[in-house]
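Heads up, the sequence shown is in the working numbering, so the first residue is 72 and it goes up one at a time. Beta carbons: idealized from backbone N, C-alpha and C, even for Gly. Treat the numbers as computed from the prediction; the structure is a model and nothing was measured. Read the structure below first, then the notes.
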Amino acid sequence: MLFGRKNRKPISIPTKKVKEWKYSTCNYCSTGCSIEIGLDENKKLVTSRGHAGADVNRGKLCIKGLLEHDLFNSPGRGTEPLIREKHYHDFEPTSWDHALDTTAAQIKNIQQQYGRDAFAVISTGQLLTEEFYTLGKLVRGCIGTNNYDGNTTLCMASAVSGYKRSFGSDGPPGCYDDFEHTHCLMAFGSNLPEQHPIIYWRLKEALEKRKFPLIVVDPRVTMLAQFADIHLPITPGTDCVLINAMMHVIINEGLQDQDYINAHTQGFDEVKALVQDYDPKSAQHICGIDEDKIRTVARLYAKAPAAMSIWTMGINQSTHGSDGVANINNLNLITGNIGKPGGTSLSITGQCNAMGTREWSSCSGLPGYRYLENEADRQEIADFWGIDAEFFPKKRGLSETDIFPAIETGEIKGLWIVATNPMTSMPNTGRIRKALEKLDFLVVQDVYQDVEMNQYAHVYFPASVWAEKQGCHTNTERRVNLIDNALAPFANSKPDFWIFNQLAKRFDHGNIIHFPDQPEQAFEEMKQLSKGEDRTLDISGMSYEKIIQARGIQWPYREGSTSLKGDARLYTDGKFQTPSGKANLLPIKFYNNNEQPCQQYPFWLNSGRVVEHFHTRTRTGKIGNCNKFSPTPYMEMNPDAANELGVTHQSYVRLTSRRSDAVVMVQLTHRVPRNMVFIPFHFHDCVNRLTLGLLDPHSRQPAFKQCSVRIEAIDQKEAAQLNVERRAF
Ligand SMILES: Nc1nc2c(c(=O)[nH]1)N[C@H]1C(S)=C(S)[C@@H](COP(=O)(O)OP(=O)(O)OC[C@H]3O[C@@H](n4cnc5c(=O)[nH]c(N)nc54)[C@H](O)[C@@H]3O)O[C@H]1N2
Ligand SMILES: Nc1nc2c(c(=O)[nH]1)N[C@H]1C(S)=C(S)[C@@H](COP(=O)(O)OP(=O)(O)OC[C@H]3O[C@@H](n4cnc5c(=O)[nH]c(N)nc54)[C@H](O)[C@@H]3O)O[C@H]1N2
Ligand code: SF4
Ligand SMILES: [Mo]
Numbered sequence: 072m073l074f075g076r077k078n079r080k081p082i083s084i085p086t087k088k089v090k091e092w093k094y095s096t097c098n099y100c101s102t103g104c105s106i107e108i109g110l111d112e113n114k115k116l117v118t119s120r121g122h123a124g125a126d127v128n129r130g131k132l133c134i135k136g137l138l139e140h141d142l143f144n145s146p147g148r149g150t151e152p153l154i155r156e157k158h159y160h161d162f163e164p165t166s167w168d169h170a171l172d173t174t175a176a177q178i179k180n181i182q183q184q185y186g187r188d189a190f191a192v193i194s195t196g197q198l199l200t201e202e203f204y205t206l207g208k209l210v211r212g213c214i215g216t217n218n219y220d221g222n223t224t225l226c227m228a229s230a231v232s233g234y235k236r237s238f239g240s241d242g243p244p245g246c247y248d249d250f251e252h253t254h255c256l257m258a259f260g261s262n263l264p265e266q267h268p269i270i271y272w273r274l275k276e277a278l279e280k281r282k283f284p285l286i287v288v289d290p291r292v293t294m295l296a297q298f299a300d301i302h303l304p305i306t307p308g309t310d311c312v313l314i315n316a317m318m319h320v321i322i323n324e325g326l327q328d329q330d331y332i333n334a335h336t337q338g339f340d341e342v343k344a345l346v347q348d349y350d351p352k353s354a355q356h357i358c359g360i361d362e363d364k365i366r367t368v369a370r371l372y373a374k375a376p377a378a379m380s381i382w383t384m385g386i387n388q389s390t391h392g393s394d395g396v397a398n399i400n401n402l403n404l405i406t407g408n409i410g411k412p413g414g415t416s417l418s419i420t421g422q423c424n425a426m427g428t429r430e431w432s433s434c435s436g437l438p439g440y441r442y443l444e445n446e447a448d449r450q451e452i453a454d455f456w457g458i459d460a461e462f463f464p465k466k467r468g469l470s471e472t473d474i475f476p477a478i479e480t481g482e483i484k485g486l487w488i489v490a491t492n493p494m495t496s497m498p499n500t501g502r503i504r505k506a507l508e509k510l511d512f513l514v515v516q517d518v519y520q521d522v523e524m525n526q527y528a529h530v531y532f533p534a535s536v537w538a539e540k541q542g543c544h545t546n547t548e549r550r551v552n553l554i555d556n557a558l559a560p561f562a563n564s565k566p567d568f569w570i571f572n573q574l575a576k577r578f579d580h581g582n583i584i585h586f587p588d589q590p591e592q593a594f595e596e597m598k599q600l601s602k603g604e605d606r607t608l609d610i611s612g613m614s615y616e617k618i619i620q621a622r623g624i625q626w627p628y629r630e631g632s633t634s635l636k637g638d639a640r641l642y643t644d645g646k647f648q649t650p651s652g653k654a655n656l657l658p659i660k661f662y663n664n665n666e667q668p669c670q671q672y673p674f675w676l677n678s679g680r681v682v683e684h685f686h687t688r689t690r691t692g693k694i695g696n697c698n699k700f701s702p703t704p705y706m707e708m709n710p711d712a713a714n715e716l717g718v719t720h721q722s723y724v725r726l727t728s729r730r731s732d733a734v735v736m737v738q739l740t741h742r743v744p745r746n747m748v749f750i751p752f753h754f755h756d757c758v759n760r761l762t763l764g765l766l767d768p769h770s771r772q773p774a775f776k777q778c779s780v781r782i783e784a785i786d787q788k789e790a791a792q793l794n795v796e797r798r799a800f
């Protein structure tokens, strides 16, 4: 029997024979919950609990956090470095020295033969900040390739780009405390109860104390939509049209905050002119929200004494991702809702340290929100590291989504993958697979040796995970929190920090640039680089000790600060990081450029997440109590549409797109409209076999959530067998 608990152990939380509690921060989502992990008398981790004194989570954790200690000994962990001496040879265990020497030699070989940029590096949002800073030193300062990016291009790139375009700098300006002060909250493409359960809990607490309207914009009836006062089931990819129509109403009815606009923004006339083309009467036919609803929501938002917007992947993962963010910022700027309690434009970030990589990894620039394009920034970092500024490129190189096509064309020959699994997470798996087959050299650095990427790796570095290491994360509300080293690395795995340091020694600049042994020393360097009254990203007043004491501190937190609280909000004085100090209002014109449902492929294909799983399941797929709740790839389908096709509940169907096909089990639900299906993206060889992933022109982020498919019923026995083979357990 496939399902049910007949032959399975009952779900249980381990009994807590705890001798000692260690401080940590959750390593899954960007909420940033403080965790205490319990060790028994044999120093074995036996349980996790939320830290009651932490402002973020106040003792709460979601299912992933509660079971996080189970991952240390989970199946598939990397025990030894592995090497494949030739293509198609088996992986063999090897020594760290041999694995590192081989990697350094291969990088140099490729660079000498084809140029420095022929070796690319793709990292993640899941390392510790000190590790990101060190990786940046190694890649920008020693290896010297400009093709260095992170999986954040699949995730937060549109938010970063939109913030920079509007405010002159990255950095979410709001915080969770804004829920306590707002009078209207609009959530765009963000399903908090499943994806950020504890942020949702904070919102719910605020709503229980003081009622305010919750407006949810999502083509699905998500769990958050079920709790909303108003749900706007938007036509995929058209949020910009809805926002333009709202601004049309606000400006034409004189509901904007003209004083704020005059004092703190530039570009109002252009926006005002553009939104004249977006009368709700015509806009409704594009965005699928009727004109009266648009007017109601616009008035509610503009008349609220303080209103805020949050958004996640429904906005970022779109060909209009950066525009969507800039337009949400427009809406908040014209209503005077930036930098005030309850009035903000808050991107809900994704991975535990998606912020840390933006701040310090040098992926798209240089440390501390510095730009490669800025000569003074290049010089400052070169001086600090002790190298020649000419070593740095003068503009950023390729993003992750452009690195794979550059492998196809032969421009890139070698690749180092750190803590990401593009075989499952990038759009169009078939295309990624072909690109990986073409590489002369691939090195994979991951906690798990059974990660799909290893099918193509020549060298594998087994990394230690979470509390086997020490360092910081920054969460959605700019709060820096600590993971304290609670236990020794698993088997012969090593902390990423150590791996970067060892590889650095094998490059000339690695002996000029200082690579400290301890994460805390790297943190001290970051503090120095962050110092400055005009910098928002200032952590110079922090220390590990203070961070633990405060259970996380928000930046800016300047040198000499004595209270344990950083600034809750940015731009409270209405001064932005642009040359004029004013925020940019940007006219956002809508172009309909997505792959659309058509006669041949009549359904929108939408994708996202479920609460129990994290991304490509390398971790949660191995944790029994997460996997048991969501063990099978499935697809939400509207019963009326299913009826027409003769598809029944819990039967398998084949989906076909212009790229490929996939087999999934059907779950009939009115959560999705008749012309849409939704598939969680956690399973390998599933939804991303189908996705197209057209790119946002500013951020290069893929439109994971918009493409089209057709559906057919198939032989059930064959399909069931296929799915059994695919399941991890
Ligand atoms: N349990 C769990 N939590 C996680 C993660 C996880 O894997 N599992 N991952 C973390 C990470 S890295 C991220 S980025 C976040 C993601 O967090 P979310 O963005 O909240 O999650 P998703 O399910 O990807 O997408 C949210 C919603 O976008 C909607 N959407 C699709 N198209 C559109 C559109 O055109 N407009 C609008 N307005 N909405 C649209 C979808 O219907 C979906 O319900 O979650 C983080 N938290
Ligand atoms: N169709 C579709 N596709 C999507 C999305 C979607 O909504 N729909 N969402 C996109 C988004 S927002 C994101 S963020 C990406 C995520 O995509 P990925 O980054 O590819 O997914 P993860 O499974 O989180 O991969 C992280 C890897 O790092 C490893 N790891 C964890 N901790 C450590 C560590 O400390 N050190 C090292 N070295 N390794 C570690 C894990 O074992 C895992 O293999 O997926 C994207 N893909
Ligand atoms: S809400 Fe996010 S940070 Fe908090 S316990 Fe759950 S996964 Fe971890
Ligand atoms: Mo993400």
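- Annotation for P751: the continuous beta strand (DSSP E) segment containing it runs M747 to P751.
- By the Cβ neighbour-count rule, A296 is buried, with 16 or more other Cβ atoms within 10 Å of its own.
- Taking 8 Å as the cut-off, the Cβ atoms of D188 and C434 do not count as close.
- Residue burial annotation: N714 is exposed, with fewer than 16 other C-beta atoms found within 10 angstroms of its C-beta.
- CA-to-CA, the gap between K660 and G186 works out to about 40 Å.
- The closest CA to that of G427, considering only Y519, E265, S601 and G196, is found on G196.
- In the DSSP assignment, Q738 falls within the unbroken beta strand (DSSP E) covering D732 to L739.
- Here L171 carries a helix assignment [DSSP, helix/strand/coil].
- With fewer than 16 other beta carbons inside 10 angstroms of its own, K280 counts as exposed.
- For K135, the CB falls within less than 7 Å of some heavy atom of ligand 3.
- For C97, the Cβ falls inside the 7 Å cut-off from some heavy atom of ligand 3.
- DSSP places T500 in the helix class (H, G or I) of the three-state scheme.
- In the structure shown, C543 adopts extended strand secondary structure according to DSSP, grouped into three states.
- Below 8 Å, enough C-beta pairs join the region 510-526 and the region 172-185 to call them touching: three or more.
- Taking the C-beta atoms as reference points, L657 is found no nearer than 8 Å to N333.
- Inter-segment contact for the region 759-778 and the region 721-740 is present: three or more beta-carbon pairs are separated by less than 8 Å.
- The alpha helix (DSSP H) runs of length 4 or more contained entirely in the region 321-365 are, from start to end of the chain, 329-335, 339-346 and 351-358.
- Apart from the 5 residues on each side of it in sequence, N525 sits with its Cβ closer than 7 Å to the Cβ of V515 and Y531 in its chain, given in chain order.
- Residue burial annotation: G501 is exposed, with fewer than 16 other C-beta atoms found within 10 angstroms of its C-beta.
- Distance from the CA atom of E251 to the CA atom of L274, rounded to whole angstroms, is 8 Å.
- The Cβ atoms of T336 and L417 lie no closer than 8 Å to each other.
- Partner residues in a beta bridge of L206, as assigned by DSSP, do not exist.
- Assigned with DSSP and collapsed to three states, S229 falls in helix.
- Inter-segment contact for the region 586-594 and the region 229-237 is absent: fewer than three beta-carbon pairs are separated by less than 8 Å.
- Taking V89 as the centre and dropping the five residues before and after it, the same chain places the C-beta of G109, L110, D111, V117 and T118 closer than 8 Å to its C-beta, in chain order.
- Taking one beta carbon from each stretch, the region 536-546 and the region 95-102 have 3 or more pairs nearer than 8 Å; the two touch.
- Residue pairing by DSSP places P533 opposite D517 in a beta bridge.
- Inclusion of L326 and K374 in the CB contact set at 8 Å is warranted, their separation being smaller than that value.
- Of V346, S678, H720 and A191, the smallest CA-CA separation from I478 is found for A191.
- Here the alpha carbons of T703 and M747 stand approximately 20 Å from one another.
- Within the region 276-325, the complete beta strand (DSSP E) runs of at least 3 residues fall at 285-288 and 301-303.
- Annotation note: the region 97-159 contains the following uninterrupted beta strand (DSSP E) runs of length 3 or greater, listed N- to C-terminal: 105-110 and 116-121.
- Comparing alpha-carbon positions, the option among H585, K466 and K135 lying closest to Y204 turns out to be H585.
- In the displayed model, Q422 falls within a strand according to three-state DSSP.
- For the pair I214 and M257, the CB atoms are not nearer than the 8 Å cut-off.
- Residue pairing by DSSP puts I554 in a beta bridge opposite G542.
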